[in-house]
């Protein structure tokens, strides 16, 4: 019996959280015995280059803009696609709206103009999956497929760049206002005023997906704590987690999951999170270090309490939760259960249809 063909269509040509999950899904599908193919634009080429490096068959569409990619994907899907199409985000889902044998995977909660597009995107889909129950509650008729992350190698925190016995807080991700970097900066100011030099911040991540206004706001907020700040730019997760005592996720917008929280769980690093979106869902009901999103004073108080506490049991409980819920083995099992309903279908090639009037 031939392996079922599954084509994963990328949302972007560069790599963000959704594309990290696309590659994770491709690996899991391969282990499940699927014939996996990955389609993406010619430019940016980061995603297709990573897919090729991973040994996956790739289809590179001649497109260098989002609109061009959507047109090219719709034409290719109608004329050449075999098997099941996994639309890894809103862009490929809208581009192939109405085509048969599709699974739509939305990684972010649609907002503004994306809301009507998400309705269009789901037309004719076999199922729409989302990464959390929190997001499913906001997007009716969807099925939860939790994200997963590879385990981050554990190790004792590095002594590099340590200042006395300061507690090293860590932020890893997109440094933006919606990720709460300004709130974190304000809380660090409060902590430093109370106990000078007791806390420092390791800020890791790139701002390439952050708009200029948010970049300016973040820069302004960080000026007040420059003497407490170490900015690393892009860094491998294992290196980041060796440098910090706590991960802090101060998001102010409704997170659809929380990949970096799951990474901290796997690395046995304690973490403090806001109550935004699915972060508490990922952390689990018994996680003690949660503060109200946007409240710098409560974040400062939570960090003080977390720093004083013995976090041994919290860390071990979080690691067990990662193994059970968010490890590659757990993800592969859930993905297999989802796909099992569709891989026995007599899948036919997609047929050409036009975009609804007024859409690309």
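In the working numbering, the protein residues as written are -16 to 343. Just so you know, even glycine gets a beta-carbon here, dropped at the ideal spot from N, CA and C.
Item, Value
"Looking only at its own chain, which residues have a Cβ that is under 6 Å from the Cβ of residue 247, when we skip the five neighbours before and after it?", "230, 254"
"Do residue 126 and residue 239 have their beta-carbon atoms positioned less than 8 Å apart in this structure?", "no"
"Just to confirm, are residue 79 and residue 57 a CB contact at a threshold of 8 Å?", "yes"
"Between residue 146 and the rest of its own chain, which residues show a CB-CB distance below 8 Å, the 5 nearest in sequence each way excluded?", "Residue placement at residue 146 is flagged as unreliable, the pLDDT there being 44, under the threshold of 50; a coordinate-derived value is accordingly withheld."
"Can you check whether the CB of residue 116 is closer than 8 Å to the CB of residue 264?", "yes"
"At the level of alpha carbons, what is the spacing between residue 113 and residue 278?", "28 Å"
"Between the Cα of residue 261 and those of 200, -4, 118, 134, spot the shortest distance and give me the residue it belongs to.", "118"
"At what residues does the alpha helix (DSSP H) containing residue 223 begin and finish?", "220 to 226"
"Are three or more beta carbon pairs between the segment 295 to 309 and the segment 150 to 167 nearer than 8 Å?", "no"
"Classify residue 192 as helix, strand or coil using the three-state DSSP reduction.", "coil"
"Say the cut is 7 Å; is the CB of residue 92 nearer than that to a heavy atom of the ligand GDP?", "By its list of ligands, the structure shown contains no ligand whatsoever, and the ligand GDP lies outside what it can speak to."
"Let me check one thing: in DSSP terms, what residues is residue 24 bridge-paired to?", "44"
"For the segment 120 to 137 against the segment 188 to 208, do three or more pairs of beta-carbon atoms, one drawn from each stretch, fall closer than 8 Å, so that the two count as touching?", "no"
"What number of angstroms, rounded off, separates the C-alpha of residue 0 from the C-alpha of residue 274?", "24 Å"
"According to DSSP, is residue 102 part of a helix, a strand, or is it coil?", "helix"
"Are the beta-carbon atoms belonging to residue 85 and residue 109 less than 8 Å from one another?", "yes"
"Cα separation between residue 162 and residue 237?", "10 Å"
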